[in-house]
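Colleague: Protein chains in written order, with the working numbering: chain Z, 21 to 238; chain F, 21 to 238.
Would you mind keeping the following structure in view while I ask a few things?
2 protein chains.
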Amino acid sequence: MSNGSGFSPVHNTIPDIVVGRLPLYLRALTYMAEEGKATTSSQELGERLGMSSAQIRKDLSTFGEFGKQGTGYHIGYLIGQLRQILKLDDEWRVAVVGAGFLGHALTNYNGFRHRGFRISWVFDSDPEKIGEEMNGLVVQPMGELEATIQREGSRMAILAVPASAAQEVTDRMVAAGIRAILSYAPINLTVPPYVQVRYSAPVVELQHMAFYVDKALV
Amino acid sequence: MSNGSGFSPVHNTIPDIVVGRLPLYLRALTYMAEEGKATTSSQELGERLGMSSAQIRKDLSTFGEFGKQGTGYHIGYLIGQLRQILKLDDEWRVAVVGAGFLGHALTNYNGFRHRGFRISWVFDSDPEKIGEEMNGLVVQPMGELEATIQREGSRMAILAVPASAAQEVTDRMVAAGIRAILSYAPINLTVPPYVQVRYSAPVVELQHMAFYVDKALV
DNA sequence: TAGATTGTTAATCGATTAACAATC
DNA sequence: TAGATTGTTAATCGATTAACAATC
Numbered sequence: 021m022s023n024g025s026g027f028s029p030v031h032n033t034i035p036d037i038v039v040g041r042l043p044l045y046l047r048a049l050t051y052m053a054e055e056g057k058a059t060t061s062s063q064e065l066g067e068r069l070g071m072s073s074a075q076i077r078k079d080l081s082t083f084g085e086f087g088k089q090g091t092g093y094h095i096g097y098l099i100g101q102l103r104q105i106l107k108l109d110d111e112w113r114v115a116v117v118g119a120g121f122l123g124h125a126l127t128n129y130n131g132f133r134h135r136g137f138r139i140s141w142v143f144d145s146d147p148e149k150i151g152e153e154m155n156g157l158v159v160q161p162m163g164e165l166e167a168t169i170q171r172e173g174s175r176m177a178i179l180a181v182p183a184s185a186a187q188e189v190t191d192r193m194v195a196a197g198i199r200a201i202l203s204y205a206p207i208n209l210t211v212p213p214y215v216q217v218r219y220s221a222p223v224v225e226l227q228h229m230a231f232y233v234d235k236a237l238v
Numbered sequence: 021m022s023n024g025s026g027f028s029p030v031h032n033t034i035p036d037i038v039v040g041r042l043p044l045y046l047r048a049l050t051y052m053a054e055e056g057k058a059t060t061s062s063q064e065l066g067e068r069l070g071m072s073s074a075q076i077r078k079d080l081s082t083f084g085e086f087g088k089q090g091t092g093y094h095i096g097y098l099i100g101q102l103r104q105i106l107k108l109d110d111e112w113r114v115a116v117v118g119a120g121f122l123g124h125a126l127t128n129y130n131g132f133r134h135r136g137f138r139i140s141w142v143f144d145s146d147p148e149k150i151g152e153e154m155n156g157l158v159v160q161p162m163g164e165l166e167a168t169i170q171r172e173g174s175r176m177a178i179l180a181v182p183a184s185a186a187q188e189v190t191d192r193m194v195a196a197g198i199r200a201i202l203s204y205a206p207i208n209l210t211v212p213p214y215v216q217v218r219y220s221a222p223v224v225e226l227q228h229m230a231f232y233v234d235k236a237l238v
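Put into structure tokens, the structure is as follows:
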């Protein structure tokens, strides 16, 4: 499936699947820090995440030597390193496109902050929605999309429009400078190779699980 | 990462990664059918999905011989087969747990129907929300969770509660008979091996993409 | 020191791709 | 028939795991 879009992690020798696990490590480590723990081991982290300690050590060793034999990893230090590797030190300003129920939920979700992202703009084409306030932001008309992205230098967007509008809106965002899209539209988007797309598709996830579920309780 | 939860597809020789692609095939084929197409080839399908024709043929051949040399696949027939394989012929009644912005968005999303699922119950613990109507459903008190799941024989649930409540609610759902959970809580859930969990985590997806995005436009 | 745990190598396991005979 | 495309095999590629020397 390459990785969902035309995007291929070119210039790098680092497996994309490894990059994709770093956010999970970061999240687990952040919880540990909140619990007041100072150090952890690949084994403990592996138990939390349901994966092998070998995999965690191998993944981390792709980026450097962050641990100490006999001791394990200093949590605060490792968090800092992972944030740096993932380029989360400066906040990414993200556009939410589509202000329906889902766009509304995303805009009101406060879990982006402190994890590297801030929803900074919301767009919709519906005159009823334009001007509405959501979590401190005012819904902008879709016509402002390109100008705003260009002026503000926004690089990341979350797509929450109906499938029928998704490709057209994507083309406009990409032309304006968006380079990473998290799409909630149930459709495979076509983008240039330098643009990343990742998908969230509840129906796909449920269908995947349905395969294994016995309809009657065993 | 095994596959995210303790769940491991036991009794089966079919790779989970293959099962996970079937919903994508099904979705693309459904669009093709709506466009009025009658047949397709592994090549055409592969182009739509950004994957190789060989992979599609190999995946499908895991479950049977659905195509014809020289002609390709009859779309309607293949859709029927995939729906059957994925056990989507009867509608799955799904519980949404948590009636915040996200639970609201999920309950109002009409994309579940016609794809094998129906949101049938919504639960929340907030007295302010209990009794509220959402897309024809009335928000039930969390106290009714176990009784409803048991009485109705519900097997699938969508978890849209805060991280702090997620594990406790999960334990209750599992005890009551839930066997597949789509979780929006940013936490790794612990479940028995016979329960599946899949996660939707926008922050994780954005962090994954951030690794590859140049902050300045190249 | 002794025990614990890293980083790394080599072995294993699994997934993807290329190629082609079969056949519609 | 000739062209197209499947299903499948074998080769390739990539990811995970086991094991252990190094060392804190």
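Virtual Cβ for every residue (Gly too), placed ideally from N, Cα, C.
If you're wondering where the values come from, they're calculated on a predicted model, not measured in any experiment.
I'd like to know whether the C-beta atoms of I34/F and T82/F end up nearer to each other than 7 angstroms.
Modeller: Within the second sequence, residue 34/F is the residue found at index 14, counting from 1. Within the second sequence, residue 82/F is the residue found at index 62, counting from 1. Yes. Within cutoff.
Colleague: The beta strand (DSSP E) spanning G156/Z covers which residue range?
Modeller: Counting from one through the first sequence, the residue named residue 156/Z turns up at place 136. From DSSP, G156/Z is part of no beta strand (DSSP E); its letter is neither H nor E.
Colleague: Are the C-beta of L157/Z and some C-beta of chain F separated by less than 7 angstroms?
Modeller: As a first step, residue 157/Z is located in the first sequence; it is residue number 137 there, counting from the start. Not closer than 7 angstroms to any Cβ of chain F, the Cβ of L157/Z fails to qualify, so no.
Colleague: So, for Q187/Z: in the same chain, excluding its five sequence neighbours on each side, which residues have a beta-carbon less than 8 angstroms away from its beta-carbon?
Modeller: Here the question's residue 187/Z lines up with position 167 in the first sequence. Excluding sequence neighbours, Q187/Z sits near I207, L209, T210.
Colleague: Is there contact here, the stretch 163-178 of chain Z with the stretch 136-145 of chain Z, by at least three beta-carbon pairs under 8 angstroms?
Modeller: Counting Cβ pairs under 8 angstroms, three or more are found: they touch.
Colleague: If I measure Cβ to Cβ from Y214/F and keep anything under 8 angstroms in the same chain, skipping five residues before and after, which residues do I get?
Modeller: Walking along the second sequence from the start, residue 214/F turns up at place 194. Correct list, in chain order: F27, R199.
Colleague: Quick one, are the C-beta atoms of A177/Z and I201/Z less than 7 angstroms apart?
Modeller: The sequence position of residue 177/Z within the first sequence is 157, counting from 1. The sequence position of residue 201/Z within the first sequence is 181, counting from 1. It is a contact, given that the beta carbons lie within the stated cut-off.
Colleague: In the stretch 77-93 of chain F, which residues sit with their C-beta less than 8 angstroms from some C-beta in chain Z, listed in chain order?
Modeller: Of all residues in the stretch 77-93 of chain F, none has a Cβ within less than 8 angstroms of some Cβ in chain Z.
Colleague: Name the chain Z residues that come within less than 7 angstroms of V39/F, Cβ to Cβ?
Modeller: Against the second sequence, residue 39/F aligns to sequence position 19. By Cβ distance, chain Z contributes H228, F231.
Colleague: Name, please, each residue of chain F whose Cβ falls closer than 8 angstroms to the Cβ of Q216/Z.
Modeller: Counting from 1 along the first sequence, the entry for residue 216/Z is found at position 196. Simply M229, Y232, V233.
Colleague: State buried or exposed for P147/Z, treating a residue as buried only when at least 16 other CB atoms are found within 10 Å of its CB.
Modeller: Within the first sequence, residue 147/Z is the residue found at index 127, counting from 1. Classification for P147/Z: exposed.
Colleague: Flag this pair as touching only if the stretch 189-199 of chain Z and the stretch 183-197 of chain F have three or more C-beta atom pairs under 8 angstroms; answer yes or no.
Modeller: Flag = no, the stretch 189-199 of chain Z and the stretch 183-197 of chain F do not touch.
Colleague: What are the complete beta strand (DSSP E) segments, minimum 3 residues, inside the stretch 138-212 of chain Z?
Modeller: Runs of the beta strand (DSSP E) inside the stretch 138-212 of chain Z: 176-179, 200-203.
Colleague: Does DSSP put H31/F in a helix, in a strand, or in coil?
Modeller: Within the second sequence, residue 31/F is the residue found at index 11, counting from 1. With a pLDDT of only 48 at H31/F, under the threshold of 50, the placement of this residue in the model should not be trusted; the figure read from the coordinates follows. Residue state, collapsed to three classes: coil.
Colleague: Does the stretch 65-73 of chain F come close enough to the stretch 113-123 of chain F to have 3 or more Cβ pairs within less than 8 angstroms?
Modeller: Taking 8 angstroms as the limit for Cβ pairs, the verdict is that the stretch 113-123 of chain F does not touch the stretch 65-73 of chain F.
Colleague: Excluding the five sequence neighbours on either side, which residues of its own chain have a C-beta within less than 7 angstroms of the C-beta of D109/Z, listed in chain order?
Modeller: On the first sequence, position 89 is the one that residue 109/Z refers to. Around D109/Z: R103.
Colleague: Quick one: grab the DSSP three-state call for Q63/Z.
Modeller: Start at 1 with the first residue of the first sequence, and residue 63/Z comes out as number 43. It is helical.
Colleague: Show which residues of chain Z have a CB atom less than 8 angstroms away from the CB atom of M162/F.
Modeller: Start at 1 with the first residue of the second sequence, and residue 162/F comes out as number 142. Result: empty, since nearest Cβ-Cβ is about 20 angstroms, beyond 8 angstroms.
Colleague: Does K235/F come out as helix, strand or coil in the three-state DSSP assignment?
Modeller: Taking the second sequence and counting its residues from 1, the one referred to as residue 235/F is at position 215. Residue state, collapsed to three classes: coil.
Colleague: If you follow the alpha helix (DSSP H) that H94/F is in, where does it begin and where does it stop?
Modeller: Working through the second sequence from its first residue, we reach residue 94/F at position 74. From DSSP, H94/F is part of no alpha helix (DSSP H) but of the beta strand (DSSP E) over 92-94.
Colleague: Could one say the Cβ of P116/F lies closer than 7 angstroms to chain Z's Cβ atoms, at least one of them?
Modeller: If you number the second sequence from 1, residue 116/F lands on position 96. Looking at the sequence shown, residue 116/F is not Pro but Val. No, V116/F does not count as interfacial toward chain Z.
Colleague: So W112/F contacts chain Z; which residues on that side make the cut at Cβ distance below 9 angstroms?
Modeller: Against the second sequence, residue 112/F aligns to sequence position 92. Simply L226, A230, V233, K235.
Colleague: Do you know how far the Cα of E111/F is from the Cα of I95/F?
Modeller: Counting from 1 along the second sequence, the entry for residue 95/F is found at position 75. Counting from 1 along the second sequence, the entry for residue 111/F is found at position 91. Going from the Cα of I95/F to the Cα of E111/F covers about 21 angstroms.
Colleague: Determine the closest residue to N130/F out of K107/F, M154/F, S145/F, with distance taken between C-alpha atoms.
Modeller: By one-based count along the second sequence, residue 130/F stands at place 110. When only C-alpha atoms are compared, the closest one is M154/F.
Colleague: Whole angstroms are fine: how far does the CA of G123/F sit from the CA of L157/F?
Modeller: The residue given as residue 157/F occupies position 137 in the second sequence. The residue given as residue 123/F occupies position 103 in the second sequence. Each residue's alpha carbon lies about 12 angstroms from the other.
Colleague: Specify, as a first and last residue, the run of the beta strand (DSSP E) that Q216/Z falls within.
Modeller: The residue given as residue 216/Z occupies position 196 in the first sequence. Segment 216-219, the beta strand (DSSP E) holding Q216/Z.
Colleague: By the criterion of Cβ-Cβ separation under 8 angstroms, what are the contact partners of K107/Z in chain F?
Modeller: Translated into positions along the first sequence, residue 107/Z becomes position 87. Per Cβ cutoff of 8 angstroms: A230, F231, V233, K235.
Colleague: Leaving out five residues before and five after T59/F in sequence, what residues of the same chain have Cβ atoms less than 7 angstroms from its Cβ?
Modeller: One-based indexing of the second sequence puts residue 59/F at position 39. These residues qualify, in order along the chain: T91, G92, Y93, H94, I95.
Colleague: Could you name the residues of the same chain whose beta carbon sits closer than 7 angstroms to that of A180/F, not counting the 5 residues immediately before and after it, in chain order?
Modeller: Taking the second sequence and counting its residues from 1, the one referred to as residue 180/F is at position 160. Excluding sequence neighbours, A180/F sits near V116, V117, G118, G120, L122, G123, L126, Y204.
Colleague: Using three-state DSSP, classify R113/F as helix, strand or coil.
Modeller: As a first step, residue 113/F is located in the second sequence; it is residue number 93 there, counting from the start. In the structure shown, R113/F sits in a strand (DSSP, three-state: E or B).
Colleague: Answer yes or no: do L49/Z and L98/Z have a C-beta to C-beta separation smaller than 7 angstroms?
Modeller: The residue labelled residue 49/Z in the question sits at position 29 within the first sequence. The residue labelled residue 98/Z in the question sits at position 78 within the first sequence. Taking 7 angstroms as the Cβ cut-off, L49/Z and L98/Z qualify as a contacting pair.
Colleague: Closest Cβ-Cβ distance between S62/F and chain Z: below 7 angstroms?
Modeller: The sequence position of residue 62/F within the second sequence is 42, counting from 1. With 7 angstroms as the cut-off, S62/F does not count as an interface residue toward chain Z.
Colleague: Give me the Cα-Cα distance between L80/F and G100/F, rounded to the nearest whole angstrom.
Modeller: Walking along the second sequence from the start, residue 80/F turns up at place 60. Walking along the second sequence from the start, residue 100/F turns up at place 80. Each residue's alpha carbon lies about 13 angstroms from the other.
Colleague: Tell me, to the nearest whole angstrom, how far the beta carbon of R113/F is from that of E172/F; I am working on the premise that it is less than 8 angstroms.
Modeller: By one-based count along the second sequence, residue 113/F stands at place 93. By one-based count along the second sequence, residue 172/F stands at place 152. Indeed they touch by this definition, with Cβ atoms about 7 angstroms apart.
Colleague: Here's a check: name, in chain order, each residue in its chain whose Cβ is nearer than 6 angstroms to the Cβ of V159/F, leaving out the five neighbours to either side.
Modeller: Position 139 of the second sequence, counting from 1, holds the residue named residue 159/F. So the qualifying residues of the chain are A119, V142, D144, K149, I150, E152.
Colleague: Answer with yes or no whether the minimum CB distance from P43/F to chain Z is below 7 angstroms.
Modeller: On the second sequence, residue 43/F is found 23 positions in, with the first residue counted as 1. At least one chain Z Cβ lies under 7 angstroms of P43/F.
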